[in-house]
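Undergrad: Just passing along the structure, written as structure tokens.
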Ligand code: F6R
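Residue numbers (the numbering used here): 12 to 276.
Structure representation (structure tokens):
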């Protein structure tokens, strides 16, 4: 059943008034593979693309499938330019939770990206570092921004960040130094046992919305709740991912059946 999305089968597509596509797949693996297939299509069509790469657990299978397409199907990232979505602050590339470390391990090397710009998580002046990164982004209009979504915290009834744009971040914000939300800090430290700081340098929502294509990937019921808040309630800075609906025609969301179970539109 369902139609084919490249090689991967979609269970169904959820209709939403603003978001162009919400694709539902039978499993996390298939959602990840379909995302990788679609990213590969964009790179095949536009080899010189600038791409913003989210980090995090959600993206590991996506980048692993992409690395396989590079090795086996000749997908060629050699002309692309890579950007972060965010980095903890302060944070050295040697630290376990560093997103620079992650990108070097899962993205730059395996995908063969040789032109990339890293956020310096040890910059003496993090606001100047954010401004430097913002200028680089302006010089390289982004073809594709790949996003995850933050967890939902039932205790605080908040969550669902994109990048590290936590609740309350104005939609007009560009790259900036951000204070992490309790829900994010608790996920990182209590659930994942990481020694993360309270701050991060993140692309702002305005940077994300200026990308030509925006892909968001999510698996599981908890992420489904974050999506539910973002897609079904009013568009508001308390729900950062709701901003995506302002540019919904550019947005494709790839989710598994469990996340979709939270989204009865
Ligand atoms: C990471 C990022 C975050 C993550 C989100 C989900 O670069 O910007 O918004 O996408 O916190 O993280 P995971 O995938 O680890 O659950």
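Where is the CB? At the ideal position from N, CA and C, for every residue including glycine.
(1) Quick check on residue 55: does DSSP put it in helix, strand or coil?
(2) Can you pull the DSSP bridge partners for residue 95?
(3) To the nearest angstrom, how far is it from the Cα of residue 266 to the Cα of residue 115?
(4) Going straight from the alpha carbon of residue 256 to that of residue 163, what length do you get?
(5) Have a look at 64, 211 and 93 and flag the residue whose alpha-carbon is nearest the alpha-carbon of residue 150.
(6) Please determine, among 37, 69 and 250, the residue with the shortest C-alpha to C-alpha distance to residue 171.
(7) Nearest-angstrom Cα distance between residue 88 and residue 231?
(8) Mark residue 159 as exposed unless 16 or more other C-beta atoms lie within 10 angstroms of its C-beta, in which case mark it buried.
(9) Below 8 Å, can you find three or more Cβ-Cβ pairs linking the stretch 71-90 to the stretch 51-60?
(10) Give me the Cα-Cα distance between residue 78 and residue 120, rounded to the nearest whole angstrom.
(11) Report back the beta-carbon spacing between residue 270 and residue 211 to the nearest angstrom; my notes put them in contact at under 8 Å.
(12) Expressed to the nearest angstrom, what Euclidean distance is found between the alpha-carbon atoms of residue 152 and residue 28?
(13) By a C-beta neighbour count over all protein chains shown, 10 Å radius and 16 as the cutoff for buried, is residue 125 buried or exposed?
(14) Output the residue ranges of the beta strand (DSSP E) runs that lie fully inside the stretch 70-145 and measure 3 residues or longer, sorted by chain position.
(15) Can you tell me whether residue 241 is buried or exposed? The criterion is at least 16 other CB atoms within 10 Å of its CB, across all chains shown.
(16) Any residue with its Cβ nearer than 5 Å to a heavy atom of ligand 1 should be included. What is that list in chain order?
(17) Could you check whether the stretch 135-144 touches the stretch 66-82, counting it as contact only if at least three pairs of C-beta atoms, one from each stretch, sit closer than 8 Å?
(18) Evaluate residue 103 with the Cβ neighbour count: other Cβ atoms within 10 Å of its Cβ, from every protein chain shown; 16 or more gives buried, anything less gives exposed.
(19) DSSP three-state call for residue 29: helix, strand or coil?
TA: Let me spell this out:
(1) helix
(2) 64
(3) 26 Å
(4) 19 Å
(5) For residue 150, the nearest C-alpha among the options comes from 93.
(6) Considering only alpha carbons, the answer is 250.
(7) 30 Å
(8) buried
(9) yes
(10) 9 Å
(11) Incorrect: roughly 24 Å between the Cβ atoms, too far for contact.
(12) 27 Å
(13) Around the CB of residue 125, fewer than 16 other CB atoms lie within 10 Å, so the residue is classed as exposed.
(14) 92-95, 97-100 and 126-128
(15) buried
(16) So the residues near ligand 1 by this Cβ test are 65, 66, 67, 68, 69, 96, 97, 159, 161 and 174.
(17) no
(18) exposed
(19) coil
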